[in-house]
Each structure stands twice: as structure tokens, then as C-alpha cells.
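A short write-up of the structure that comes next.
Below, the structure is given as C-alpha cells:
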């Protein structure tokens with residue numbers, strides 16, 4: 033009886049070893065395949081992120097001179113009581129705010145953030161934070177224009193000018209952050 037049990041145990045072990053090895057090989061292949069897919073996905077997403085960041089840089093470079101022209105116009109007409117804030121904006125041909133694209137990063141960070149290197153994660157999170165800050169400042173600026181468009185008060189014009197200069201500074205900070213990220 034003991035011999036039969038011993039034989040069954042040996043036979044069971046002989047049959048289980050190939051099954052266990054097969055399972056381990058299958059898991060290794062699956063892990064390797066998943067790593068390969070994750071790497072490819074990351075490369076594609078980071079190519080999109082880099083493209084969006086380059087577009088953002090171009091937008092910042094295009095809008096900054098227009099914003100500075102508006103600041104100059106506001107300085108020229110600051111003490112002129114005949115020119116309102118809206119008229120100053122129209123003389124400078126409008127208000128321009130840079131378009132910041134972070135769609136690929138937002139999608140990636142909501143799904144596969146564990147694949148991102150810490151330094152990249154920090155840099156891209158800082159850029160996203162600057163984007164949100166720029167959006168908030170832009171909305172505040174637009175609210176000021178809507179409520180004070182016909183105002184010709186020098187103080188209001190100066191407040192408007194300072195807010196616009198703050199937006200320019202935020203864009204410059206974002207530009208530096210993007211350029212530093214793209215150099216890596």
C-alpha cells in the first residue's frame with residue numbers, strides 16, 4: 033500500500049513539473065509581451081506629447097509679441113480719458129492667449145501613469161499646473177474686460193495691464209519648462 037502511494041506521488045510530481053514549468057513559461061512570455069506593448073504605447077504617447085508641447089511653444093512664441101503690443105497700447109492710453117479699456121484692446125487688435133495642448137498627457141496620466149519616469153512625471157505635471165494657472169488668469173482677465181470694458185479710468189487700465197503682464201510671465205515660465213522637458 034505504501035508502495036502504491038509512493039508511486040502515485042512520484043507519478044503526480046512527474047506530471048506536475050511540466051505543467052508548472054509550462055505555466056511559468058506562459059507567464060514569462062505574457063509579462064514580456066505586456067512590457068513590449070507598454071513600451072510601444074509609451075513611445076507613441078510621448079511622441080504625441082512632444083508634438084503637443086512643440087505646438088504649445090509655437091503658440092506662446094506667436095502670442096507673446098501680440099500681448100506685449102497690447103501692454104504697450106495700454107501704457108500709451110493709460111492716462112487718456114477718451115480711450116476705454118475696450119478701445120485700447122481694439123487698437124492693439126485684440127487679446128491673445130497661448131493655446132496649451134496637453135491632451136495626450138492627460139489621457140496617459142489617467143490610464144498608465146505607472147509607466148512614466150518620475151522626472152518626466154514631475155516635469156509634465158508642472159506644465160499641466162502652469163496650463164491650469166494660465167487658464168484661471170485668462171478667465172479672470174476676460175471677466176475684468178467684460179465688467180470694465182467701457183471704463184477709461186487709469187487705475188483700471190493699469191490693473192488690466194498688470195494682469196496681462198502676469199499672463200505673459202506665466203507663459204514664459206511654461207515656455208522654459210517645456211523647453212527644459214524637450215531637451216531631455
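In the numbering used here, the protein residues as written are 33 to 216. Heads up, the beta-carbon is just placed ideally off N, CA and C, and yes, glycines get one too.
Query, Result
"DSSP three-state assignment for residue 103, whether helix, strand or coil", "helix"
"Pick from 215, 47, 134, 46 that is closest to residue 85, judged by C-alpha positions", "134"
"Spatially closest choice to residue 97 from 115, 124, 59, 146, by CA coordinates", "124"
"The region 161-174 in contact with the region 196-205 per 3-pair CB rule at 8 Å", "yes"
"Chain-order list of residues whose beta-carbon lies under 7 Å from that of residue 162 (same chain, five-residue window excluded)", "202, 205, 206, 209"
"Top-ranked residue by Cα proximity to residue 101, from 177, 57, 72, 120", "120"
"DSSP three-state assignment for residue 131, whether helix, strand or coil", "coil"
"Simplified DSSP assignment, three categories, for residue 33", "coil"
"Which of helix, strand or coil DSSP assigns to residue 86", "helix"
"Nonlocal neighbours in the same chain, by C-beta distance under 7 Å from residue 54, ignoring five residues either side", "none"
"Best match in 144, 177, 138 for proximity to residue 159 [C-alpha to C-alpha]", "138"
"Three-state secondary structure assigned by DSSP to residue 148", "coil"
"Residue 187 beta carbon less than 8 Å from that of residue 114", "no"
"Residue 117 and residue 190 closer than 8 Å at C-beta", "no"
"Beta-carbon separation (whole angstroms), residue 92 vs residue 130, contact threshold 8 Å", "4 Å"
"Residue span of the alpha helix (DSSP H) that contains residue 191, given as start and end", "186-215"
"Cut-off 8 Å between Cβ atoms - residues of its own chain near residue 182, not counting five sequence neighbours on either side", "116, 117, 118"
"Pairwise C-alpha distance: residue 212 and residue 88", "14 Å"
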